[in-house]
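Quick note, the sequence shown lines up with residues 1 to 369 if you use the UniProt record's numbering. The beta carbon of each residue, even a glycine, is placed where N, CA and C say it ideally should be.
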Amino acid sequence: SGIIRCVCPYTADDGFTIQCDACNVWQHAGCVGIAPDAVPEEYRCEMCDPRGARERRVDRVQAEEGMRMRMEMERALQGAQMRRTGSFGAGSSSPSEDEEGAVGAGPGDERYESWQYEFTPVEMNLWRDKELVERIEKVLRRVEGQEEEESPLLSTIYDSSPFLTLPSLPPTLPTAVKPLPSTAFYLNPPTASSYIPTSTQAPLCPYPRPTTHALFATTSIPAGTYIAPVKGQVISLEDYYADSRNQYPSLGVPKQGVRFLPHPFEAAVDGRMFGNEVRFARSGCHPNAVVRVIKVDPSAGKDDLLSRASRASTPWGEQRLAASSSLPSTLHFAIYSTVDISRRDEIILPWDWDDSHIIHALPPLLAAP
């Protein structure tokens with residue numbers, strides 16, 4: 001895919017990179033413990049094979065320091081070579097200036113914020129389940145009236161139009177991913193402030209928490225507005241339920257970065273490994289946005305994709321499905337605002353609790369006298 005997503009924060013090509021055979025991202029071989037004389041026939045990155053990364057003793061801090069030193073040495077050698085071959089004239093720089101510039105950041109030193117290393121950005125949704133593609137295509141044909149409705153009862157229970165039909169995707173609104181302050185996780189009961197001074201109150205979460213990010217609006221968004229697309233791997237709900245790593249039987253709700261699609265698609269968009277910034281949108285009891293399914297013209301979808309310029313790519317861009325199905329370019333997922341969202345407000349999506357989860361018993365319990 002051409003994407004360098006290394007354990008270090010550098011995206012420059014140092015001349016010795018290795019590609020993950022699972023997700024197709026490139027990494028600096030020196031940062032992941034691969035020697036030039038011991039390149040494996042099959043390699044998997046730390047996200048696809050965490051155990052292998054631990055065996056190679058991959059460390060982010062050491063990788064960043066090692067990569068920085070290698071780049072400084074390379075620049076120093078280049079500067080020394082230029083000083084040997086060049087002459088010091090009126091327009092030439094002194095050796096001290098060359099050495100000072102050798103340790104500075106070069107034009108290829110593109111750095112990102114920490115949250116941008118939690119996933120690989122993609123331009124298109126990733127479809128690998130052929131049966132899921134065929135099932136969703138059947139749903140689209142049925143809704144559009146090309147097939148006879150199999151169960152008339154469903155049309156009276158569920159929305160007869162489960163997706164929006166647009167000529168092309170609307171422009172994406174500007175959003176920002178920001179870390180949440182530690183005070184956002186304080187669980188002090190409301191009555192505590194009545195008896196204990198604020199300065200002496202201790203949070204009920206004394207253990208250190210990892211940095212949590214959220215999605216915020218950077219401009220005012222009216223209700224019913226297209227905000228941003230939802231990108232990721234499209235998988236069936238059956239596969240998501242069956243994967244023990246998702247812990248769905250015990251959680252009863254999808255994990256952060258995963259969004260369930262409405263009936264009758266019976267699918268989910270998993271943005272944890274591949275996706276975009278929308279993966280950081282949190283779920284809450286007072287949502288102001290919702291995930292909608294959009295169907296666009298195939299040619300418009302391709303033109304919209306080619307017109308964008310970003311660091312994103314598509315690891316499975318040469319998908320076999322793309323040759324036989326237009327679904328990847330016609331079916332899109334996006335978040336729409338349900339109420340007016342002010343500037344700097346957090347964009348919150350509704351929970352996707354399982355129908356049998358005990359959480360559904362809370363409203364009547366709270367309403368009881």
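{"Asked": "Secondary structure of Pro350, DSSP reduced to three states", "Found": "strand"}
{"Asked": "The alpha helix (DSSP H) enclosing Ala53, as first and last residue numbers", "Found": "50 to 55"}
{"Asked": "Close Cβ partners of Leu215 (< 8 Å) along its chain, the five nearest in sequence each way excluded", "Found": "Thr175, Ala176, Val177, Glu277, Val278, Phe280, Ala281, Arg282, Glu346, Ile347"}
{"Asked": "Buried versus exposed call for Val290 [16 or more other C-beta atoms within 10 Å across all chains shown]", "Found": "exposed"}
{"Asked": "Beta-carbon proximity list for Glu41, same chain, < 7 Å, skipping 5 on both sides", "Found": "none"}
{"Asked": "Anticipated Cβ contact below 8 Å, Lys295 with Leu140, distance rounded", "Found": "7 Å"}
{"Asked": "Range covered by the beta strand (DSSP E) that runs through Lys178", "Found": "175 to 179"}
{"Asked": "Selection from Pro287, Gly271, Asp270, Pro262 that minimises the alpha carbon distance to Val293", "Found": "Pro262"}
{"Asked": "Straight-line gap, Ser337 to Ala217 (C-alpha atoms, nearest Å)", "Found": "11 Å"}
{"Asked": "Check: Asp14 C-beta below 6 Å from any heavy atom of the ligand NAD", "Found": "Ligands displayed in this structure: none; no statement on the ligand NAD is therefore possible."}
{"Asked": "Closest residue to Cys45 among Ala63, Glu72, Arg5 (Cα-Cα distance)", "Found": "Arg5"}
{"Asked": "Neighbourhood of Leu164 by C-beta, 8 Å cutoff - its chain only, sequence neighbours within 5 removed", "Found": "Arg292, Val293, Ile294, Lys295"}
{"Asked": "Same chain, Cβ closer than 7 Å to Ala22, five either side skipped, listed in chain order", "Found": "Arg44, Cys48"}
{"Asked": "Cα-Cα separation between Arg311 and Leu237, rounded to whole angstroms", "Found": "Its pLDDT being 48, under 50, Arg311 is placed unreliably in this model, and the value from its coordinates should be taken loosely. Between Arg311 and Leu237, the C-alpha separation is close to 30 Å."}
{"Asked": "Residue from Ala228, Asp354, Pro179, Phe274 whose Cα sits closest to the Cα of Arg125", "Found": "Looking at the sequence provided, one finds Asn at residue 125 rather than Arg. Among Ala228, Asp354, Pro179, Phe274, the Cα nearest to that of Asn125 belongs to Phe274."}
{"Asked": "Whole-number beta carbon distance between Val253 and Asp354, since they are thought to touch under 8 Å", "Found": "7 Å"}
{"Asked": "Option in Ala228, Ile34, Pro9 with minimal Cα separation from residue 402", "Found": "Lying outside 1 to 369, the shown extent of the chain, residue 402 is not represented and no answer is given."}
{"Asked": "Environment of Lys130 [buried if 16+ CB atoms lie within 10 Å]", "Found": "exposed"}
{"Asked": "DSSP-derived helix/strand/coil call for Phe88", "Found": "The predicted model places Phe88 with a pLDDT of 44, which falls under 50 and marks its position as unreliable; any figure quoted below should be read in that light. The answer is coil: DSSP assigns Phe88 none of H, G, I, E or B."}
{"Asked": "Opening and closing residue of the alpha helix (DSSP H) in which Lys138 lies", "Found": "130 to 143"}
{"Asked": "Val39, buried or exposed, once every other Cβ within 10 Å from all chains shown has been counted against 16", "Found": "exposed"}
{"Asked": "Pairwise C-alpha distance: His332 and Gly145", "Found": "20 Å"}
{"Asked": "Identity of the residues DSSP links to Gln27 by a beta bridge", "Found": "Ile18"}
{"Asked": "Beta carbon proximity, Cys48 to chain E, threshold 7 Å", "Found": "Note that chain E does not occur in the displayed structure, where there is just one protein chain."}
{"Asked": "Whole-angstrom distance between Val32 and Arg56, CA atom to CA atom", "Found": "7 Å"}
{"Asked": "Element boundaries [beta strand (DSSP E), containing Asp270]", "Found": "267 to 270"}
{"Asked": "Range covered by the alpha helix (DSSP H) that runs through Pro262", "Found": "No alpha helix (DSSP H) contains Pro262, which DSSP labels as neither H nor E."}
{"Asked": "Cβ-Cβ distance between Pro181 and His213 below 7 Å", "Found": "no"}
{"Asked": "For Leu362, the first and last residue of its enclosing alpha helix (DSSP H)", "Found": "362 to 367"}
{"Asked": "Beta-carbon proximity check, Val58 vs Thr120, cutoff 7 Å", "Found": "no"}
{"Asked": "Residue of Ala53, Glu72, Asp37 minimising C-alpha distance to Asp14", "Found": "Glu72"}
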